[in-house]
Amino acid sequence: MTYWTMGMSTGLALACLTGGAATAIAPAAPAPLYSRVAPAAAASASPSAAPAPAAVTLEPLAVPGLFTLEIPAGWFTETAETTVITSYDVSANPPTPTDLKTEITVVDESPNTYVGTELDALIEQAYVLDRYGITSVGGNDAFRVWIVQLPGEFANQVITFVGDADRSTAKIVTFYNDDSQATKDLILQMHSSFNFATNGE
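Going by my numbering, the first residue of the sequence shown is number -13, and it counts up by one from there.
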């Protein structure tokens, strides 16, 4: 797979969250990376093809006044200023190659401001960007970034920024090592289940 060093403009991401992606790319800028990274070829049906992994049972996690999210049953959670969700007990063991760690932060800041600041920080670090793209989470506009070849316990990250109009922004970050499609599907399933809390929740 070919990778690109992160060099996208902050304006592109902000326009994605405000519905103006088509006008956010300067004429001299390269095409969006998510249109240049070909999706993995579908596995052909053959006797040697691996069987599909068993479905993961998810259960709701609610952080009152902030958000709800679906996570695999039996995972570990810690809620403070940042909610941390792990597939392993961080107090007892280091992560194994298949473990996942997710951190969720909700800030009272418009995505027009917050996302730009966060992306500027990623660009400054010169992280290697696999792909990025516009998506929708819980009926809200969102922007997702996949980062690879990171130092530390986890080599990869998926970051999803979800904007709640101009009121607040959620940042969902999942750290992982296992690059299998099953792992990526689980990450997307979790991120896509995010919903901002409504009044009374």
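Note that CB positions come from ideal geometry on N, CA and C, so glycine has one too.
If you check the CB distance, F147 and F129 come in under 8 Å. With a cut-off of 8 Å on Cβ pairs, the region 65 to 72 is in contact with the region 81 to 101, counting three or more such pairs. Here N142 is buried. Its C-beta has 16 or more other C-beta atoms within 10 Å.
Here T88 carries a strand assignment [DSSP, helix/strand/coil].
Residue pairing by DSSP places L44 opposite P58 in a beta bridge. Here D171 is exposed. Its C-beta has fewer than 16 other C-beta atoms within 10 Å. Per the coordinates, the alpha-carbon of T63 lies some 6 Å from the alpha-carbon of T72. Residues L55, E56 of the same chain have their beta carbon placed closer than 6 Å to that of S179, with the five preceding and five following residues left out of the count. DSSP places D106 within a helical segment (H, G or I) once states are collapsed to three.
In the structure shown, A66 falls within a coil segment according to DSSP collapsed to helix, strand and coil.
One alpha carbon belongs to A151, the other to S96, and they sit about 7 Å apart. Taking the C-beta atoms as reference points, V134 is found nearer than 8 Å to V114. DSSP, read as helix, strand or coil, puts A156 in strand.
Judged by beta-carbon spacing, H177 lies within the 8 Å limit of V123, meaning their Cβ atoms are closer than that value.
Taking 8 Å as the cut-off, the beta carbon of T82 is found no closer than this to the beta carbon of A59. Nearest neighbour of G149 by Cα position, chosen from V49, K87, T99, turns out to be T99. Counting the other Cβ atoms within 10 Å of the Cβ of R117 gives 16 or more, which makes it buried.
Closest in alpha carbon position to F140, among A48, K87, W61, is K87.
In the DSSP assignment, T169 falls outside any beta strand (DSSP E) and lies within the alpha helix (DSSP H) extending over 167 to 178. The three-state reading of DSSP puts Y162 in strand, counting E and B together.
The three-state secondary structure of V76, taken from DSSP, is coil.
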